[in-house]
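For the sequence shown, position 8 (counting from the first letter as 1) is numbered 8 according to full-length UniProt numbering, and the numbering increases by one without interruption.
All C-beta atoms in this analysis are idealised placements derived from N, C-alpha and C, irrespective of residue type, glycine included.
On a predicted model such as this, the values are computed, not experimentally measured, just so you know.
Working notes for the structure below.
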Amino acid sequence: MSELRQECLWEHITQPSVSAQALAGEHKADVCVIGAGITGLSAAIHLLEQGKSVILLEAWKVGHGGSGRNVGLVNAGTWIRPDDVEATLGHKQGSRLNTVLGGAPAEVFAMIERLGIDCQAQHKGTLHMAHNATGIADLEARHQQWTRRGADVELLTGAQCQEYCGTDKIAAALLDRRAGTINPMAYTQGLAAAVERLGGTLFQQSAVEGLARDGDAWQVMTGRGSVRADKVVISTGAYTEGDWSNLQKHFFRGYYYQVASKPLHGAAADKVLPHGQGSWDTRTVLSSIRRDDQGRLLLGSLGRVDNKPAWFVRSWADRIQSHYYPELGKVEWQMHWTGCIDFTPDHLMRLFEPAPGLVAVTGYNGRGNTTGTVIGRAFAEFLLKDDPQHLPIPFSPMKPVSAPSLRTAFYESGFSLYHAGQCLRVVL
Numbered sequence: 001m002s003e004l005r006q007e008c009l010w011e012h013i014t015q016p017s018v019s020a021q022a023l024a025g026e027h028k029a030d031v032c033v034i035g036a037g038i039t040g041l042s043a044a045i046h047l048l049e050q051g052k053s054v055i056l057l058e059a060w061k062v063g064h065g066g067s068g069r070n071v072g073l074v075n076a077g078t079w080i081r082p083d084d085v086e087a088t089l090g091h092k093q094g095s096r097l098n099t100v101l102g103g104a105p106a107e108v109f110a111m112i113e114r115l116g117i118d119c120q121a122q123h124k125g126t127l128h129m130a131h132n133a134t135g136i137a138d139l140e141a142r143h144q145q146w147t148r149r150g151a152d153v154e155l156l157t158g159a160q161c162q163e164y165c166g167t168d169k170i171a172a173a174l175l176d177r178r179a180g181t182i183n184p185m186a187y188t189q190g191l192a193a194a195v196e197r198l199g200g201t202l203f204q205q206s207a208v209e210g211l212a213r214d215g216d217a218w219q220v221m222t223g224r225g226s227v228r229a230d231k232v233v234i235s236t237g238a239y240t241e242g243d244w245s246n247l248q249k250h251f252f253r254g255y256y257y258q259v260a261s262k263p264l265h266g267a268a269a270d271k272v273l274p275h276g277q278g279s280w281d282t283r284t285v286l287s288s289i290r291r292d293d294q295g296r297l298l299l300g301s302l303g304r305v306d307n308k309p310a311w312f313v314r315s316w317a318d319r320i321q322s323h324y325y326p327e328l329g330k331v332e333w334q335m336h337w338t339g340c341i342d343f344t345p346d347h348l349m350r351l352f353e354p355a356p357g358l359v360a361v362t363g364y365n366g367r368g369n370t371t372g373t374v375i376g377r378a379f380a381e382f383l384l385k386d387d388p389q390h391l392p393i394p395f396s397p398m399k400p401v402s403a404p405s406l407r408t409a410f411y412e413s414g415f416s417l418y419h420a421g422q423c424l425r426v427v428l
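In structure tokens form, the structure reads like this:
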């Protein structure tokens with residue numbers, strides 16, 4: 001049996017595209033962006049294209065956080081149904097957010113083409129797969145709600161559903177043709193390379209330790225230097241660290257893990273998601289399923305496995321694979337990794353303006369590839385024009401989430417228990 005190592009596939013197969021210099025000394029810029037993930041890089045690109053000088057500070061390295069460690073689904077909309085978005089935010093604000101995020105995949109693929117990013121992009125849609133009758137009812141509601149809004153979605157059933165999903169364990173699947181898949185690390189690295197081509201400066205291994213107003217500007221401090229900037233974007237997401245920001249009070253951390261096989265070939269492998277969509281099922285503790293461009297099978301779920309033994313990871317992956325794709329036989333699992341997600345109780349993001357010239361965002365709830373791309377652009381437009389009409393939703397008052405650490409512990413305990421049941425074949 002081959003070794004199952006703890007390593008992120010996307011990092012393993014993606015070459016770094018930018019310099020690795022750390023901040024030292026004093027610097028100035030029109031805008032300082034804290035966090036070189038998709039949101040921060042998208043904001044920097046749009047600011048640079050409008051002639052602003054930009055410095056980005058990344059605590060670790062480009063793609064270290066959720067931007068480089070996610071499943072790589074380019075999803076439309078939010079985690080919750082569009083009608084629920086409007087019920088939560090009100091019709092006007094909710095409708096605007098549905099429109100913006102419904103069109104977000106198109107913006108991602110347009111950025112990829114415009115900037116010449118090689119990230120194995122597949123604009124072939126995604127499949128949300130119903131695992132039981134309750135799941136079918138959920139997909140029927142989503143299909144009806146998105147169709148009413150003019151979205152290119154189709155509810156697949158019968159033989160067509162089985163053919164697209166590659167399994168007879170799914171009775172219905174929602175095909176969203178707006179969506180698709182990418183290598184998220186390569187997308188993030190491509191955005192970073194575009195920032196440098198446009199004249200932006202990116203410092204890695206440069207964790208922010210302080211942020212203070214200094215006269216008519218902001219002073220952003222690291223252990224070895226500082227940046228003086230007129231305006232600041234905080235885009236650190238679930239990986240927000242340090243006492244200099246109170247953003248950690250406005251979300252609770254969740255985890256998501258993935259397991260990747262060795263490349264699979266042959267007739268049985270060719271039947272798994274044969275049209276190139278990424279997918280996930282309707283279980284409360286969902287399983288995501290996709291292939292990469294080398295034929296690997298990637299499975300994922302809520303929770304973490306970086307603190308669990310290899311046999312647990314293998315047992316879980318074997319259970320999901322043998323249920324959905326038994327024809328594959330014994331699959332060799334090559335690597336696994338875990339990432340963080342910034343969750344909010346209502347599954348909707350929050351935009352903040354703690355002070356003039358300072359903007360921040362939390363709560364992508366696992367939809368960072370698309371949401372980060374459009375929020376980065378929206379922040380850039382807001383900072384350029386000081387007009388909140390460029391934002392998909394208004395700024396929120398800074399009301400902390402109650403007991404975020406307890407929420408994280410509660411959910412993680414539940415996920416671990418459920419996955420243990422899957423390993424023991426008690427539940428699926």
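The closest CA to that of SER95, considering only THR188, CYS161 and PRO82, is found on PRO82. Residue pairing by DSSP puts GLN6 in a beta bridge opposite HIS336. Taking C-beta separations shorter than 6 angstroms and ignoring five residues to either side along the sequence, the partners of THR362 in its chain run LEU247, HIS250, PHE251, ASP342 and ARG350, following chain order. Comparing alpha carbon positions, the residue from ALA22, ALA106 and GLU11 closest to ILE55 is ALA22. Beta-bridge analysis with DSSP links GLN160 to no other residue. Counting only runs of at least 3 residues, the segment 280-342 fully encloses the following beta strand (DSSP E) elements, listed from N- to C-terminal order: 287-291 and 297-302.
Using a Cβ distance threshold of 9 angstroms, GLU58 and LEU198 do not count as a contacting pair. PRO82: member of the alpha helix (DSSP H) spanning 82-89, first to last residue. For ALA171 against THR157, the beta-carbon gap comes to about 7 angstroms, under 8 angstroms, which counts as contact. If you look at VAL232, you'll find it in the beta strand (DSSP E) that goes 225-234. Taking the C-beta atoms as reference points, ILE375 is found no nearer than 9 angstroms to LEU89. Counting C-beta pairs closer than 8 angstroms gives three or more between the segment 11-19 and the segment 187-196, which meets the contact rule.
According to the DSSP assignment, TYR257 belongs to the beta strand (DSSP E) that extends over 252-261. With respect to PRO263, GLN294 sits close: the two C-beta atoms are nearer than 9 angstroms. For LEU115, no beta strand (DSSP E) encloses it; the enclosing alpha helix (DSSP H) starts and ends at 104-115.
By the CB criterion at 9 angstroms, GLY372 and THR39 fall inside the cutoff. Ranked by Cα distance from ILE45, the first of ALA380, ARG407, ASP243 and THR408 is ALA380.
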